[in-house]
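What follows is a set of notes on a single structure, which appears directly below.
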Amino acid sequence: MHIILYSKQGCHLCEGLEEKLNLIDDVTLDIRDITSNEEWFNLYQYEIPVMYLVTAKGAVLIPRTSPRISVNQLYKTLQNFVSVTN
159 MHIILYSKQG
169 CHLCEGLEEK
179 LNLIDDVTLD
189 IRDITSNEEW
199 FNLYQYEIPV
209 MYLVTAKGAV
219 LIPRTSPRIS
229 VNQLYKTLQN
239 FVSVTN
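Residue numbers (the working numbering): 159 to 244.
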């Protein structure tokens, strides 16, 4: 699954989520630094980390997960989201 993660340097929640996503073999991760794009910054400055699932129909917002979620539970959550989205 292809995931877009909107993030920025110094965001500890973003860093924690990125680490967990990198441990999931099925995930292709595209990290987008919101400070590099004014539109992204305006959209997500108070919301990061923000994840999107990339599908054939476009990107779909993934509901926010708890920062305490385990890697295994994150994987299950993403799998469930993919099955509902497709």
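Glycine included, each C-beta is placed from N, C-alpha and C at the ideal position.
- For Val-218, DSSP records a beta bridge to Leu-211.
- The three-state secondary structure of Tyr-233, taken from DSSP, is helix.
- Cys-172 and Ile-206 do touch by the CB rule: their CB atoms are close to 6 Å apart, below 8 Å.
- In the structure shown, the three-state DSSP call for Leu-181 is coil.
- If you draw a 10 Å sphere on the C-beta of Lys-166, you find 16 or more other C-beta atoms in it, and that means buried.
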